[in-house]
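**Q**
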Amino acid sequence: MERRKMRIMTLMLCCAFSLLQTAYGAGMQPGQDIPSPKNVSPAVEPPKIDPQQQVGVIDSVVVVVNDDVITRNELDERIREVVRQLQKQNTPLPPADVLEKQILERMVMDMLQAQYARETGVRVDDAQLNQAMTRIAQQNKFPSLAAFRAKLEASGVDFDKFREEIRGEIISTRLREREIESKLVISDGEVDNYLANKARMGNSGEEFHLAHILVVIPEQASAANIQAAHERAENALSQLKGGADFAQVAAGSSDAKDALKGGDLGWLPGDRIPPLFSNELQNLKVGQITDVLRSPSGFHILKLIDKRSANAPVLITQTHARHILIKTSELVPETEAKIQILEIMQRIESGADFAAQAKRYSQDGSAQEGGDLGWLSPGQTVTGFEDEMNKLQPGQMGVVQTQFGWHLIQVLGRRDADVSVEQKRQQARIAIGTFKSDDQFQDWLRQLRDRAFIEYHLGANK
Numbered sequence: 308m309e310r311r312k313m314r315i316m317t318l319m320l321c322c323a324f325s326l327l328q329t330a331y332g333a334g335m336q337p338g339q340d341i342p343s344p345k346n347v348s349p350a351v352e353p354p355k356i357d358p359q360q361q362v363g364v365i366d367s368v369v370v371v372v373n374d375d376v377i378t379r380n381e382l383d384e385r386i387r388e389v390v391r392q393l394q395k396q397n398t399p400l401p402p403a404d405v406l407e408k409q410i411l412e413r414m415v416m417d418m419l420q421a422q423y424a425r426e427t428g429v430r431v432d433d434a435q436l437n438q439a440m441t442r443i444a445q446q447n448k449f450p451s452l453a454a455f456r457a458k459l460e461a462s463g464v465d466f467d468k469f470r471e472e473i474r475g476e477i478i479s480t481r482l483r484e485r486e487i488e489s490k491l492v493i494s495d496g497e498v499d500n501y502l503a504n505k506a507r508m509g510n511s512g513e514e515f516h517l518a519h520i521l522v523v524i525p526e527q528a529s530a531a532n533i534q535a536a537h538e539r540a541e542n543a544l545s546q547l548k549g550g551a552d553f554a555q556v557a558a559g560s561s562d563a564k565d566a567l568k569g570g571d572l573g574w575l576p577g578d579r580i581p582p583l584f585s586n587e588l589q590n591l592k593v594g595q596i597t598d599v600l601r602s603p604s605g606f607h608i609l610k611l612i613d614k615r616s617a618n619a620p621v622l623i624t625q626t627h628a629r630h631i632l633i634k635t636s637e638l639v640p641e642t643e644a645k646i647q648i649l650e651i652m653q654r655i656e657s658g659a660d661f662a663a664q665a666k667r668y669s670q671d672g673s674a675q676e677g678g679d680l681g682w683l684s685p686g687q688t689v690t691g692f693e694d695e696m697n698k699l700q701p702g703q704m705g706v707v708q709t710q711f712g713w714h715l716i717q718v719l720g721r722r723d724a725d726v727s728v729e730q731k732r733q734q735a736r737i738a739i740g741t742f743k744s745d746d747q748f749q750d751w752l753r754q755l756r757d758r759a760f761i762e763y764h765l766g767a768n769k
């Protein structure tokens, strides 16, 4: 703690010394009042700094996060980016101070996850990132990554920053897989209750377009903490009942990751919505909002934006795939396992037989079957594996890292299949796992934040 305080003091002294140099260089005399850096305007528009005028601007520290810092310039730049995004979505902007607080909190949480990933060996190297970027380009119907980049830059998006945001999202997904999803336990009783509730509610044939506001309850919260969180949620509800725009209130009040997207959850099948929420939805008309709801993760407000019938036959998409696994260990580090899997991929691309390579090198139980996993339904494999598999077309290969090691995946085919009783239970497990994972990941993030050293200097920098 003393080392951190010393580092903060050093940073603040450096900022003060730079400020003095700038003031005297501008013709000020010792003892003359030194103007503070300009505040973010009380209007919604974030500060606009001409790049040609940035020479000499003091980049002061606004928050210390363990051994890292977030600076005023970094915060202002993120504010500008978010304002552009909200304006493109026609989302009314919250007050500048509220927006700044929301964005800074998101930056703190992103930094904490990045720090934890570094400390625990979760990495996304440039090759993996390039592969993910190429997949995104293909999904958006661009012929190449270069064409995708040109489109983004023409739209005013900084490609390098976008690329780093994708890296952060992949890291967050891997942390969630390792810390939460790999440890989830879903009992048969939970599945039975879920299916019974689904049959009782009769909403499996409907889909709901929802938006939400979440006010998180801190880890090991006191009665006062819980009361404060409840009051925040009730205040948001009061604004909404007074006619405020839901997206604007979400952007200013919600602790959820999608807050700056107006809290929009998109379309959700009725059977993927937790019972706490699905029960409330039965009483809502399109455009209406719920009262404040309490869950283990905090207080929620839902808005039913729209709903529609989903009368198509209940089918699932199955994928026929095979894979080769190189496990990581103390003797085989991640880099060595990755090199091995890429060498195997190159041999297969050069004409080697996949099944023969799997029998020789794969460290999975499917090796004797040539790596063949058969027809896989959604949820049968870990998230990272399934996500990569779903991106591949029949005949294509891809590599991905999971908590088990490095995989080489080849998709052999796809089909739509009727949902049998057992498959319905599997779908129920996926749905239960989704909202249990959401709650537990929020808890994990709260614990990560509670363990961190965070010190704000916003007041000193305004």
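Numbering-wise (the numbering used here), the sequence shown opens with residue 308 and increments by one.
Even for Gly, the Cβ is constructed at its ideal location relative to N, Cα and C.
From Glu538, Leu609 and Val429, pick the residue whose C-alpha is nearest to that of Glu484; which is it?
**A** If you number the sequence shown from 1, residue 484 lands on position 177. Ranking Glu538, Leu609 and Val429 by Cα distance to Glu484 puts Val429 first.
**Q** For Gln625, report the span of its beta strand (DSSP E) as first-last.
**A** Translated into positions along the sequence shown, residue 625 becomes position 318. According to the DSSP assignment, Gln625 belongs to the beta strand (DSSP E) that extends over Leu622 to Lys634.
**Q** Quick check: what's the CA-CA separation for Gln420 versus His627?
**A** In the sequence shown, residue 420 corresponds to position 113, counting from 1. In the sequence shown, residue 627 corresponds to position 320, counting from 1. Their Cα atoms are separated by approximately 34 Å.
**Q** Taking Cβ to Cβ, would you say Asn373 is nearer than 8 Å to Ala759?
**A** Taking the first residue of the sequence shown as position 1, residue 373 is located at position 66. Taking the first residue of the sequence shown as position 1, residue 759 is located at position 452. It is a contact, given that the beta carbons lie within the stated cut-off.
**Q** Gln361 by DSSP, collapsed to three states: which one?
**A** Here the question's residue 361 lines up with position 54 in the sequence shown. For Gln361, the pLDDT reaches just 41, beneath the cut-off of 50, and the residue's location in the model is therefore unreliable, although a value from the coordinates is still provided. DSSP places Gln361 in coil when its eight states are reduced to three.
**Q** Could you give the first and the last residue of the continuous alpha helix (DSSP H) run that contains Leu419?
**A** Reading the sequence shown from its first residue, position 112 is the one you call residue 419. Where Leu419 is concerned, the enclosing alpha helix (DSSP H) stretches over Ala403 to Thr427.
**Q** Could you spell out the range, first to last residue, of the beta strand (DSSP E) harbouring Asp750?
**A** As a position in the sequence shown, residue 750 is number 443, starting the count at 1. Counting along the chain, Asp750 falls outside any beta strand (DSSP E), though it belongs to the alpha helix (DSSP H) covering Val728 to Arg758.
**Q** Under the assumption that Ile410 contacts Ile386 (Cβ atoms under 8 Å), give the Cβ distance between them as a whole number of angstroms.
**A** Sequence index remark: in the sequence shown, residue 410 carries index 103 (1-based). Sequence index remark: in the sequence shown, residue 386 carries index 79 (1-based). Ile410 to Ile386, Cβ: 6 Å. Contact.
**Q** In chain order, what residues of the same chain have a beta carbon less than 6 Å from the beta carbon of Tyr501, not counting five sequence neighbours either side?
**A** For the purposes of this step, residue 501 is taken as the residue at position 194 of the sequence shown. Answer for Tyr501: Ala735 and Ile739, listed in chain order.
**Q** From the DSSP output, read off the bridge partner residues of Thr378.
**A** To locate residue 378, count along the sequence shown from 1; it is residue 71. According to DSSP, which records beta bridges pairwise, Thr378 is partnered with Val368.
**Q** How do the region 694-702 and the region 650-666 stand: do at least 3 beta-carbon pairs fall below 8 Å, yes or no?
**A** Taking 8 Å as the limit for Cβ pairs, the verdict is that the region 650-666 does not touch the region 694-702.
**Q** From Asp404 to Ser560, what distance separates their C-alpha atoms?
**A** Taking the first residue of the sequence shown as position 1, residue 404 is located at position 97. Taking the first residue of the sequence shown as position 1, residue 560 is located at position 253. Looking at the two C-alpha atoms, the distance is approximately 12 Å.
**Q** DSSP three-state call for Asp433: helix, strand or coil?
**A** Position 126 of the sequence shown, counted from the first residue, corresponds to residue 433. Note: Asp433 maps to helix in three-state DSSP.
**Q** CB-CB under 6 Å to Ile761, same chain, minus the five flanking residues each way: which ones, in chain order?
**A** Reading the sequence shown from its first residue, position 454 is the one you call residue 761. So the qualifying residues of the chain are Val372.
**Q** For Glu488, is the classification buried or exposed, using 16 other Cβ atoms within 10 angstroms of its Cβ as the cut-off for buried?
**A** Working through the sequence shown from its first residue, we reach residue 488 at position 181. Buried, by the Cβ-count rule.
**Q** Output the boundary residues of the beta strand (DSSP E) element that contains Lys610.
**A** Here residue 610 corresponds to residue number 303 of the sequence shown, with the count starting at 1. Taken as a continuous stretch (DSSP letters only), the beta strand (DSSP E) holding Lys610 covers Gly605 to Ser616.
**Q** When you compare the region 605-617 with the region 517-529, are there three or more beta-carbon pairs, one atom per stretch, that lie closer than 8 Å?
**A** yes
**Q** Rounded to whole angstroms, what's the CA-CA distance from Ile623 to Arg732? Just pull it up for me.
**A** Position 316 of the sequence shown, counted from the start, is the residue given in the question as residue 623. Position 425 of the sequence shown, counted from the start, is the residue given in the question as residue 732. Ile623 and Arg732: Cα-Cα distance of roughly 13 Å.
**Q** Under the three-state reduction of DSSP, which class applies to Glu773: helix, strand or coil?
**A** Coverage of the chain is limited to positions 308 through 769, which leaves residue 773 absent and any answer about it impossible.
**Q** With DSSP collapsed to three states, give me the class of Phe553.
**A** Stepping through the sequence shown from its first residue, residue 553 is reached at position 246. Residue state, collapsed to three classes: helix.
**Q** If you follow the beta strand (DSSP E) that Gly702 is in, where does it begin and where does it stop?
**A** Against the sequence shown, residue 702 aligns to sequence position 395. Premise fails: Gly702 is in no beta strand (DSSP E) and is neither H nor E.
**Q** Would Val369 be called buried (16 or more neighbouring beta carbons within 10 Å of its own) or exposed?
**A** The residue you call residue 369 lines up with position 62 of the sequence shown. Counting other Cβ atoms within 10 Å of its Cβ, Val369 reaches 16 or more and is therefore classed as buried.
**Q** State the DSSP-derived secondary structure class of Glu526, mapped to helix, strand or coil.
**A** The residue you call residue 526 lines up with position 219 of the sequence shown. Correct three-state label for Glu526: coil.
**Q** For Leu752 and Ser602, what's the separation of their Cα atoms in angstroms?
**A** As a position in the sequence shown, residue 752 is number 445, starting the count at 1. As a position in the sequence shown, residue 602 is number 295, starting the count at 1. Distance between the alpha carbons of Leu752 and Ser602 is about 16 Å.
**Q** Distance check for Ala528 and Asp757, CA to CA, integer angstroms please.
**A** As a first step, residue 757 is located in the sequence shown; it is residue number 450 there, counting from the start. As a first step, residue 528 is located in the sequence shown; it is residue number 221 there, counting from the start. In a straight line, the C-alpha of Asp757 is about 11 Å away from that of Ala528.
**Q** Per DSSP, what are the beta-bridge partners of Gly559 in this structure?
**A** Translated into the one-based positions of the sequence shown, residue 559 becomes position 252. Bridge partners of Gly559: none, in fact.
**Q** Hey, could you find the ends of the beta strand (DSSP E) Pro576 is sitting in?
**A** Position 269 of the sequence shown, counting from 1, holds the residue named residue 576. Here the beta strand (DSSP E) through Pro576 covers Asp571 to Pro576.
**Q** Could you tell me if Phe515 is buried or exposed, where buried requires 16 or more neighbouring beta carbons within 10 angstroms of its beta carbon?
**A** Within the sequence shown, numbered from 1, the residue matching residue 515 stands at position 208. The residue is buried, with at least 16 neighbouring Cβ atoms inside 10 Å.
**Q** What are the residues that DSSP puts in a beta bridge with Arg601?
**A** Here residue 601 refers to the residue found at position 294 of the sequence shown. Residue pairing by DSSP places Arg601 opposite Phe606 in a beta bridge.
**Q** Could you tell me if Ile580 is buried or exposed, where buried requires 16 or more neighbouring beta carbons within 10 angstroms of its beta carbon?
**A** By 1-based counting over the sequence shown, the position of residue 580 is 273. With 16 or more Cβ atoms within 10 Å of its Cβ, Ile580 is classed as buried.
**Q** Under a Cβ-count criterion, where at least 16 other Cβ atoms within 10 Å of its own Cβ denotes burial, should Lys490 be classed as buried or exposed?
**A** In the sequence shown, counting from the first residue as 1, residue 490 sits at position 183. Classification of Lys490: exposed, given that the 10 Å Cβ count is below 16.
**Q** In chain order, what residues of the same chain lie with their CB nearer than 8 Å to the CB of Leu600, ignoring the 5 residues before and after it?
**A** For the purposes of this step, residue 600 is identified with residue 293 of the sequence shown, where counting begins at 1. Answer for Leu600: Leu583, Phe584, Glu587, Phe606, His607, Ile608 and Leu609, listed in chain order.
**Q** What does the Cβ neighbour count give for Ser669, buried or exposed, with the cut at 16 atoms within 10 Å?
**A** One-based indexing of the sequence shown puts residue 669 at position 362. Looking at its Cβ environment, which holds 16 or more other Cβ atoms inside 10 Å, Ser669 is buried.
**Q** Apart from the five residues just before and just after Gln749, which ones in its own chain have a Cβ nearer than 6 Å to its Cβ?
**A** On the sequence shown, residue 749 is found 442 positions in, with the first residue counted as 1. Ser604, listed in sequence order.
**Q** If we count the other Cβ atoms within 10 Å of its Cβ and call it buried at 16 or more, is Pro401 buried or exposed?
**A** Position 94 of the sequence shown holds residue 401. So Pro401 ends up on the buried side.
**Q** Taking the alpha-carbon of Asn437 as reference, which of Arg470, Arg413, Thr427 and Met418 has the nearest alpha-carbon?
**A** One-based indexing of the sequence shown puts residue 437 at position 130. Nearest C-alpha to Asn437: Arg470.
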